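In what follows, a single structure is set out as structure tokens and then discussed.
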Amino acid sequence: MNRILRAVHKPRPSLELPAWLSLTTGVIVLGCLLYAPLISAPYANTQRALVCVYAVVGLGLHLLTGMTGQISLGHGFFFALGAYVSAVLAGTAGWPYLLAIPVAAAVGWGVGFVFGLPALRLSPLSLSVVTLALALITPSLIKRFDDVTHGARGIALDIAAPPAWTGLDRDQWVFYICLAVTTLTGVMCRLLSRGRTGRAMRGLRDNEAVATTMGIRPSTTKSFVFATSTALAAVAGVLYTYVTQFVAADAFHLTLAIAFLTMVVVGGLGSLPGVILGAIFVVYMPSWTAEINESASGLMYGVALVAFMFLMPYGVAGLLRAVGGPLLQRREQRAGQQE
0 MNRILRAVHK PRPSLELPAW LSLTTGVIVL GCLLYAPLIS APYANTQRAL VCVYAVVGLG
60 LHLLTGMTGQ ISLGHGFFFA LGAYVSAVLA GTAGWPYLLA IPVAAAVGWG VGFVFGLPAL
120 RLSPLSLSVV TLALALITPS LIKRFDDVTH GARGIALDIA APPAWTGLDR DQWVFYICLA
180 VTTLTGVMCR LLSRGRTGRA MRGLRDNEAV ATTMGIRPST TKSFVFATST ALAAVAGVLY
240 TYVTQFVAAD AFHLTLAIAF LTMVVVGGLG SLPGVILGAI FVVYMPSWTA EINESASGLM
300 YGVALVAFMF LMPYGVAGLL RAVGGPLLQR REQRAGQQE
């Protein structure tokens, strides 16, 4: 954890892409993502939808860890909270399944804010320990309320069916929902990080004492960011039920917390594109390791986490920044000389 904290507080290699290149790349990638489900097998669409699910959690952790310097290992609890809000409201009570998204966001934000008020008075290292305890008790809490959650038996769902006018299969429709939510979340996080709140988050991350003298209220900012990140985890939990059509206590054990942390470390702390790279790694890692051992994914998450902390503390995005930054600078210098 200390290595992660040091990576958060150290200056990162810079890579500012030209606006035209960022826009062009974004349009091309989005176009490919919109077309891919129409020509892909259901399993491939499900995997891509899961990448979006994990990316929403990662975007929340980007705000909390990458921007504010706080480490949470308990987001699996809020992920489970959102999943069960969806399962109970849409599956059991018969609510429209899309309504579960704002309800879960509100519940996740409220619970996260209340939990964060005392917890965020702790140091980042102590906060990681407290939230680790929350991750450990999550399966037990789910089983404790068996009347609602059905415990280890779980709740089978039949939700998120596509409207007839779309002509889409369920896997295609669910992917488009997940992609839309992920895109909106990414835009929100980018706007938030570039505004006054973003400056406050970076100030607290870099030097809390100096930030306080500049009028930033640490408790208010930290509580808001923590609650926002937990709300996004709850929204991701709703999307998870759309993808899997099933929710049970065993889906929210400690491996999930390790996977979330691995995602932000592998992708790159404080990097929005890194969140997507980390989500791809976490979702596809079990498939890559299945030939070795079907239960090896948890071990591989841990190995990857340790390896990146020691060898590449800024993750894949940091490596791309370190390599691509000088290349772009040389290109700009050559262009200036030609003019």
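Numbers 0 to 338, taken from numbering that gives the first Met the number 0, label the letters of the sequence shown in order. Virtual Cβ for every residue (Gly too), placed ideally from N, Cα, C. None of these values were measured; they are calculated from a predicted model.
Looking only at C-alpha atoms, which of the options sits nearest to residue i?
| i | options | result |
| --- | --- | --- |
| A54 | G277, Y313, L318, Y283 | G277 |
| G90 | A118, S122, F76, V147 | V147 |
| F76 | A316, A48, G59, G107 | G107 |
| V52 | M299, A316, M262 | M262 |
| S270 | A226, V242, T67, N206 | T67 |
| A303 | P272, I275, F259 | F259 |
| D157 | W94, A35, L131 | W94 |
| A179 | R47, F307, Y313, V315 | R47 |
| R189 | R169, L58, V26, G30 | L58 |
If you draw a straight line from the C-alpha of residue i to the C-alpha of residue j, how long is it?
| i | j | result |
| --- | --- | --- |
| S39 | G81 | 28 Å |
| F174 | A103 | 19 Å |
| L60 | P161 | 30 Å |
| S222 | W164 | 43 Å |
| L124 | G153 | 34 Å |
| V87 | P101 | 14 Å |
| G166 | Y96 | 19 Å |
| L22 | W172 | 26 Å |
| L327 | V246 | With a pLDDT of only 48 at L327, under 50, the local geometry of the prediction cannot be trusted, and the value read off the model is given with reservation. Going by the C-alpha atoms only, they are around 47 Å apart. |
| L32 | T24 | 12 Å |
| L318 | M311 | 7 Å |
| F112 | A105 | 10 Å |
| A226 | A134 | 16 Å |
| V186 | V209 | 29 Å |
| G150 | G194 | 42 Å |
Between residue i and residue j, which are expected to be in contact by the criterion C-beta below 8 Å, what is the C-beta distance as a whole number of angstroms?
| i | j | result |
| --- | --- | --- |
| A79 | I141 | 6 Å |
| L62 | L255 | L62 to L255, Cβ: 19 Å. No contact. |
| I70 | S122 | No, I70 and S122 are not in contact; Cβ-Cβ is about 10 Å, not under 8 Å. |
| V84 | T229 | About 13 Å separates the two Cβ atoms, so there is no contact after all. |
| G301 | I257 | 6 Å |
| L49 | V282 | 5 Å |
| A199 | T220 | 5 Å |
| V56 | A232 | 5 Å |
| P117 | H252 | About 25 Å; that fails the 8 Å criterion. |
| Y241 | A159 | 4 Å |
Bridge partners of residue i, per DSSP?
| i | result |
| --- | --- |
| A155 | F245 |
Identify the continuous alpha helix (DSSP H) that holds residue i and give its terminal residues.
| i | result |
| --- | --- |
| M187 | 169-193 |
| G57 | 41-60 |
| A278 | 271-288 |
| H74 | 74-85 |
| P117 | 99-118 |
| R143 | 123-143 |
| G90 | Unbroken run through G90: none, as it is neither H nor E. |
| T211 | 207-212 |
| F358 | Since the first residue shown for the chain is 0 and the last is 338, residue 358 is missing from the structure and cannot be characterised. |
When you measure from the CB of residue i to every non-hydrogen atom of the ligand SAM, does any distance come out below 7 Å?
| i | result |
| --- | --- |
| L310 | Absent from the structure shown: the ligand SAM. Ligands present: none. |
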